[in-house]
Structures are given as C-alpha cells and as structure tokens.
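Chains Z and L, in that order, are what the protein sequence lines are. Just so you know, we're using the working numbering here: the first sequence kicks off at 1 and counts up by one. Just so you know, we're using the working numbering here: the second sequence kicks off at 332 and counts up by one. Note that the Cβ used here is the ideal one computed from N, Cα and C, for glycine as well. Each remark here refers to the structure printed beneath this line.
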Amino acid sequence: MRRYFGRKLFTYILTFFIAATIDWLIPRFMPGNPVAGLMARQGGLSPEGAAALAQYYNNLFGLDRPMIDQFVGFWVSLGHGDLGRSVYAHGRPVTEVIMGAVPYTLALLIPAILLSWWAGNSFGALAARRKWLDNTILPLGYILTATPYMWLGLMLAYILGFSLRIFPLSGGYGFNLEPTLSWRFFTDLLAHWMMPFLSLFMVMFGGWAIGMRNMIIYELDSDYSRYLEALGARQGLIRSYAFRNAMLPQITGLALQLGVMIAGSLVTEIVFSYPGLGSLLFNAIKSEDYFLLQGIFLFIIIGTLMANFIVDLVYMVVDPRTRIGMRGGTA
Amino acid sequence: MQRGRTRVLSLLAVMSIVVSVSACGSSSSSGATASGATVQSYPRAETLYTTGKQWGAPSTWNPLDSGNMAMGVFGLQYEPLYMYDPLKDVYTPWLATGDLAAGWDSAKTTYTIHVRQGVKWSDGSALTANDVAFTIQVAKNPVLSSNLWSTGGVTDATATDASTVVVKFTNPAYQEWAQWLYNSPIVPKAVFEAKNNADILKFTNANGVGTGPYMYKTAAADRMVWVKNDNWWAKAALKLDVKPKYIVDIVNSSNQVALGGLLQGGVDLSNNYFPGVKSIVDGGYGVTTYYNGAPYMLAGNTATLIPNTAKKPLDDPAFRKALATAINTDDIVNKVYGGIVTAANPTGLLPYFSKYIDKTQVSSLGFSFDTAKAKSMLAAAGYVAGSDGMVTNKDGSPIKLTLEVPDGWSDWMQAENSIAASAKLAGINIDPQHPDFNTVVADRNRTDATSAAKFDLQINNDVQVGNTPWTWYDYVFREPLPFGTSENRNYEGYKNDAGWALVQKLDKTPVEDTATMTSIISQLQTMQLTDTPVIPLWYNGVWAQMNNSVWTGWPSDKGNNVLPATWNGYWNMGAVLMLTQITPVPPAK
C-alpha cells in the first residue's frame, strides 16, 4: 500500500515539476515585451519620465533579472504561495486576480464533469438495454460529443439567450446587482450560470453515453456473461456484472478527459463572457502576462493532478484487482 | 452490488451540488462591496450604463497611475484645477478660481493658484492649498514619470495660505503647464503623503477619498460602479448637478457584445468603434451620435502612417512624399469607415487647431491623392518601375515594405489593405500585416539610440485631442531619439535639429500668446510638409453612440456641445458636463 502511494506520489511530483517548468517557459517564447506593451497602452507619458516607469515595471515583475534567476525565483516564491504580479492587472498579485475567477470556473466545471459522467453512464447503460433508447440516444450522443463546446455555446446563446430570452447572454450576474446573500442575487447568478453549464454538460454527456453503451454491449457479449446466461442467471444479475466491468474504462476515461474538459470550459467562458479563468486566460495572453498565464496554468495542472489522484483512489475502491495487486506488492 | 453502485453515484451527485453551491457562495463574497452593506440593485431609471473604456478588469483606483486607473477615477472621483474644452478652446476654473492666464506674474516665472474655497473631500474634510501643493510635489516621484520638475521648469511649489499656492519656475514650459492644470487630478495629501515612495503605484486606493461628483461604489472583474456624491461642491458653486445616481461601466469583452447591449437598451453610452454607424443611427433603435449625419463623430486623434526613416527607401523624403500622394484616403474614409471619419489635413493637426494651419502653405507643399502624380514623383526621384510594374530601389533591388497594425483592430486592418491596394497602383509594393499588439510595439521600438527599428510602415494614433498643438510636434520632432521599452515619440526616427529647437520654443510660449504660437507652428509646418516624416491619413473619431430610451439630451452639434466620451482624459475635457445635461426619459404610460 505504502509503496503504491509512494510510487504514485513520485510520479505526481515529477509530472508537476515538468509541467510547471514548461508552464514557466512557454509564455516567454512569445514575441514582444510585456512591459513595452503595457507602456504603449498607457500613452501620454513624458519621454523624460517614461524610462523610470519602465524600470519600475521591470523591477516589479522581476524581468530585469537574468532568466535563470527568474526561474529559480519562480520556484522559491511558489514555495511561499506567491505567483508574482500580473501585468494585465497592472501589478496586482496574481493569486488575488486568480482567486477572484476560480469560484466561477469551479462552479461550472465540477458539476458539469460529475453530472455529465453520472448521467452519461446511466443513459448509456440504459440505452444498451432498450432498442428505442439506443436508436435515439446514440445518434444524439454522437452529434453532441462531436460538437465543439464553443459552437454549442453559441447555439445555446442564440436560441435560449437571444431568441427565447430565457437566460441572460453574458456575464456572471446582472449589471444592476451587487453580490449579496439574497434570493434575488442567487437566482440571478444561477440564471447566468445555466447556459455555460449546459454547453459543457451536453457535450460531455454525449461522450460518456456512447462509451458506456458500447462497453455494456461488449461486456454482455463476453464469455463470463454467456456463461452466467448458460447457467440460467437472472438478466439483472448479468447486467450488474457487465455494468461494473464497463465502469472501469469509464473511470480511466474520466482521468484522461479532465484536461480536455478544462480546456473546453475555458473556451466556453469566453463565449459567455463568464468571469472565470477562461476569460482571464484570454486577457492574459493578449497582454503577454507571463505571470498570470503561469498562475492559471499552474492552477489547471494542480487541478488535473488532484483529480487524477482522486480517480486513482476511486479506482482502488471499485476495482478489486488493484487492491489485490497492492496486497501482492506489499507482501 | 446494485446498491453499492447507487451509493457511489448518489455520492457523486451530492458532491457536485455541494461544491457548486459552495463555489457560488464564495464567488458572491469575493466581489464584496466596499461601501454599504445593504441589499443592492440599481434602479434602471437612475442608472447610466456605459462601455468602451475598460478592456480589462478595473484594477487600480489610484489617480496618480494615469495610464491604468479605472474608468472615471479622474473626472468622476478626482478633479483637475481647470477644465479644458477643445471644442471652444476655453479653460474653465474648476478646483481653482480665476482665469488660467492671469495666474502668471508679469515676469511669467511665478504662477499663483487660487484654490476654490468650500470644496470638500468625500470624507468631509476641506480641500486646501496644501493638497494642491502636495499634488505638484508628488510629481517629483520618478515612477510617476512626470517631467514637471525637469523640463517642465517647476522649481518650487508652496502653499502660502489656505487658498493660495505659489509655483516658481525657471524657463517654464507654458504649454505643458497649462496641460498639467487641466490634466492632473488633485489628490488628498492626508491619504497620499504616506504612500509617496517607490511603491506609490502599488497603492490601489479602492473606495478612495475624492472631490468629484461620484464616489466608488463597487467593482468586479466585469464592471466599475460609481454612486453620486450628494455633497459635490459644484452644485452650489457652479449650479451643476449630475443626473444619474449610479454609473455602471461595463468591461468590454468585444465590440459585438457592446453593440448588442446598446441596441437592446442595456447600454446608454457606448464609446466603442462599430462599423456601419449609419445603419445603427437610421435603424430605429433610438441611437444617436454627435452629428446626425456624416461624419457622425467628433475627431479624437490623427491616424498617421509612420515610415521608418532609417530604412531605404523610406529615408528619402521624395519617396515618402510620393507614398503620401499614392494613398487614396477618401477610399478609407468612405469604404472602410462608411463616412464616420474625415480625411486628415496633411499637417496632421486636429480640426480644433485649424486656426494654426497655414492653408496656402498646405496647398503648395502638402499632398493629396493622385496616382499619376505619385508615379511621376517616383520616376523623378530615380525609382524606376521593374517588369512587374513595381518600383525598385536606386540600386535595382526590389522594394517590399511591410505595413503593420495590431491584430483585432478591424478598421485599421481594412484600412491597411486599402493603403496597400492604392500604393500598388502607383508601383509601391506594400505587404499589409497584423501581428499582435505587443509585436507591433516590439517592432516599433528602437533597441538603442543609434540602431534602426525593425518595422517599415505602421499606423499610429498616440496623440490625442488636447489643449496644445505642441503635443503633435513633440510627437513628430522629439530629439534625442527615444528608444527602448519606454519609447513613445518620434517612432519614424526623424532628425531635424532646427525643428526640435522650434518645438521646444513652442513649449515655452504662453498659451494665450497665439500670435507667437502661429508663427512657430507655421515654420514647423513648412519643415514637416517638405520632409514628410509622417503621413497623416484620417481623423479617428471620438466614437460615441448614445441610446435615448432611458437617458436623453446627449451631446450633439445642435446643443450640449461637449465631448461625449468616458475615456481617460475626456471627463476633464468637459465630458463630465454631459452628466449634468442628460435627463431621464419619463417611463412610457
């Protein structure tokens, strides 16, 4: 058990180090200079004084130090939970900027991932049993899973937001409201959340439903199912074994898909001007904000690794073979 | 077994609901309000919705962070000593009293500011001469990048009594001082004195103490909200009253979103650029603009073609003049902009400065679109067309000039295609490109004083409407050539020592001495029109579309002649008066 976790932990730390290094490196390959861009956007500065301001910014962002210093400094401050200062937010700490956006992204992502996985698997399993469901859910699932998040988002925005005016088109909450713990604010928040949630949920749902449906059919066709059938076991019992076996690849799939899903949610946020990490990322790229980019990606890396770890734990619970394997390992 | 599965799934479902609810809950607390804990929503009839200034989350409310402060910090919350109106070329006393020119003594080296009495900060304390003197003093802080105490000529600023500040100069830059008087927010000494160090720009000053008609209400990543200051001094002193109780400035995600808001009535004033303004105005949406017909908008700045004069063949004035002659600006005005802009005067001066333009000089030395003439000018200067009809360098090497504008600036991207097309007819090969903004800047800036910048041609409009034509000439003639990260003048690398001496002389001419100003400007014009260091193309507009469904009485040429803009630097050019002029539309019965 300890060896299993030790190995896992080592893999995670190594992955984190490599991912964070790439995360640090990539934005710095962008052409241009973030401070020059920031200065050029300001305008109206006297040429005599502008040099001092440029120096201030270079120093503030640590860009006046050699690259290797910046890299080491990145890890040192990361140890203190300091992600540097944001160019886009004119020098405000990155952690502060990110924390303002994180709740929106989590509120979108977690329900979308978990509910779509649950609903997709349930419907997929059901579809494998019912001809009429199979004929309707399957094509729908194929269409949904092949739909880009962004495109579905635009469609939803047009139909539900623009034509039917059921949900507001953009933003986190109404421009006439201030955040308070009131029923009115909560319903408004929910109304703004609905369309970005739906566009994520529906696309993910399609993928899970198809996967589950195919897996169930495969399992029902396997030797153990046929053997049980020959023994005269109830259909319900056979199906429950098939479901449990079919579930395993779906859990692995969830781990594999997490990164893609997070990326999808970022694009969806931009479509709806939803004030989460996606919109922030978009702005960070535009202002060549190394530090905010780093911070956002770091958040994504940590989130993905953590989710993977949880999936590993879940796997241990649902798959007896993992447990037996571990026992064998420790013995 | 079946039961186990259900348990796992129901656990997942519950988890997701708990997490989403808790995340929603924390998001509501993260955008906490700074003033007022009561349940808050803004009644539509009392709220003005604006958009077009903020392209990112409001992040600082420090009025000394002039380039980054949120919409309205200077103008709505903090105020200048004078208000300058470019439409009338008049300085109006604001936090100061008395005529601007009367502040100078007879030797014109000492300037006395009479601070208006009865002005209160929003915390109830009085505005005094100490605050004004401090605001001048704080400009010494190097990170605020002011030249007031260097080339500006200020040597001392002292409050001699509660309402008087005496400012001493050697060799004063009168034009820049007048600019400082209307373009600098007066800050409370009590708040800023402790912050006056190398980290002054880290002070974000949310919910700060100002003198203006509005106070900070709240801000979030997508909005900036102001609430009316009922104790605004101008109510009694100038009989002015701002009408909207709340101003909600919506952060722009794209011009399309802003257009949707404007047409649906969710936005009252949009300072975004929209193509097809004619169809918006004529479309029955209740949207108006400053002029009811072309050009619809007031001029805000001059979109100028910048040639890199350090590179062949752009180092040749004859080639630059021929290039200027080859560009069909009317095509840009009519086809790209649909008539919402006007062609620029070859001098580049905005229409507000037309009294300084020497028209006979412009007609003899200036340029206007004429393809045939451009061809003959090129031939006369020794640029021979090759077999493909494109002219070559004098050594026979092919000419291929890149023209850069920032990606996403859709109007400029179309304009550069138009420029390339009309230049091609005259035999000049231009390759239009649109890299991202920071790359445009990187290509534009010289790395050091002697090396050439990377670009061939770029379009730039850094000089905004203001009180003095000096800013335009400083932009064109500035020496020594600025370079590096902070480069913000003379991108073309034009060297004209005599011209630069004249620009400095212009800076040191009192603003009321228009005769001397005119004579200096006339000489600068001759140089500029002869050498064509830059090619002024068209006047970019003060984009302003106003919806009349909730608020009406917007600025227009028929009345309420003020600049209708929420951008930085416009509130203090009279735009704040717009808020006193608009009136709510009574609800339909």
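Counted as a single uninterrupted DSSP element, the alpha helix (DSSP H) harbouring histidine 192 of chain Z occupies residues 183 to 220. At a Cβ-Cβ threshold of 8 Å, threonine 382 of chain L and aspartate 580 of chain L count as neighbours.
The alpha-carbon of serine 86 of chain Z is positioned some 17 Å away from that of phenylalanine 71 of chain Z. At a cut-off of 8 Å between beta-carbon atoms, threonine 391 of chain L makes contact with chain Z.
Beta-carbon to beta-carbon, leucine 133 of chain Z and leucine 126 of chain Z are separated by about 6 Å, close enough to satisfy the 8 Å threshold. When DSSP reads this structure, leucine 379 of chain L sits in a beta bridge with L:Ile578. Its Cα nearest to that of alanine 521 of chain L, the residue L:Ala457 stands out among L:Gln506, L:Met555, L:Ala457, L:Pro544. If you look at isoleucine 851 of chain L, you'll find it in the alpha helix (DSSP H) that goes 845 to 862.
DSSP, reduced to helix, strand and coil, places serine 372 of chain L within a strand of the structure shown. Boundaries of the beta strand (DSSP E) around arginine 554 of chain L: 554 to 559. Residues of the segment 787 to 807 of chain L whose Cβ lies closer than 8 Å to any Cβ of chain Z, in chain order: Asp793, Gln795. Scanning Z:Tyr173, Z:Met194, Z:Ile262 for the CA closest to the CA of glutamine 371 of chain L turns up Z:Tyr173.
In the three-state reduction of the DSSP assignment, tyrosine 409 of chain L falls in the strand class, which pools E and B.
For leucine 594 of chain L and valine 873 of chain L, the gap between their C-alpha atoms comes out near 19 Å. Counting only unbroken stretches of 4 or more residues, the alpha helix (DSSP H) elements lying wholly within the segment 659 to 744 of chain L are 690 to 696, 702 to 711, in sequence order. A residue is called buried when at least 16 other Cβ atoms come within 10 angstroms of its Cβ; tryptophan 75 of chain Z does not meet this threshold and is exposed. Less than 8 Å separates the beta-carbon of glycine 905 of chain L from that of leucine 894 of chain L.
For aspartate 462 of chain L, the enclosing alpha helix (DSSP H) has its first and last residue at 460 to 469. Put simply, the CB of leucine 292 of chain Z is far from chain L, with every gap to its CB atoms at 8 Å or more.
With respect to the 8 Å criterion, serine 279 of chain Z and glutamate 269 of chain Z are classified as neighbours on the basis of their beta carbons.
Around the beta-carbon of glutamate 377 of chain L, fewer than 16 other beta-carbon atoms lie within 10 Å, marking it exposed. The three-state secondary structure of arginine 65 of chain Z, taken from DSSP, is coil.
Beta-carbon to beta-carbon, tryptophan 803 of chain L and valine 794 of chain L are separated by about 5 Å, close enough to satisfy the 8 Å threshold.
DSSP places lysine 451 of chain L in the strand class (E or B) of the three-state scheme. Taken atom to atom, the span from the alpha-carbon of alanine 54 of chain Z to that of serine 718 of chain L is near 48 Å.
In the structure shown, valine 446 of chain L adopts extended strand secondary structure according to DSSP, grouped into three states. Listed in chain order, the positions of the segment 519 to 535 of chain L with a beta carbon within less than 8 Å of a beta carbon of chain Z are Ala529, Leu532, Lys533, Thr535. Identification of chain Z residues near arginine 375 of chain L by a Cβ-Cβ cut-off of 9 Å yields Asn176, ordered along the chain. In the DSSP assignment, proline 638 of chain L falls within the beta strand (DSSP E) that extends over 629 to 638. For the segment 808 to 826 of chain L, the residues whose beta carbon sits under 9 Å from a beta carbon of chain Z are, in order, Arg809, Pro813, Gly815, Thr816, Ser817, Glu818, Asn819, Arg820, Asn821. Close partners of methionine 204 of chain Z in chain L (Cβ separation under 7 Å) are lacking, with about 12 Å as the shortest Cβ gap. With its beta carbon at least 8 Å from every one in chain Z, arginine 651 of chain L lies outside the interface.
According to DSSP, asparagine 878 of chain L shares a beta bridge with L:Val618.
Following the DSSP letters along the chain, one finds glycine 872 of chain L inside the beta strand (DSSP E) bounded by residues 866 to 873.
Cβ proximity to chain L below 9 Å picks out Met30, Pro31, Gly32, Asn33, Pro34, Val35, Ala36, Gly37, Leu38, Met39 from the segment 26 to 39 of chain Z. Sixteen is the threshold: since fewer than 16 other Cβ atoms of the shown chains lie within 10 Å of the Cβ of arginine 7 of chain Z, the residue is exposed.
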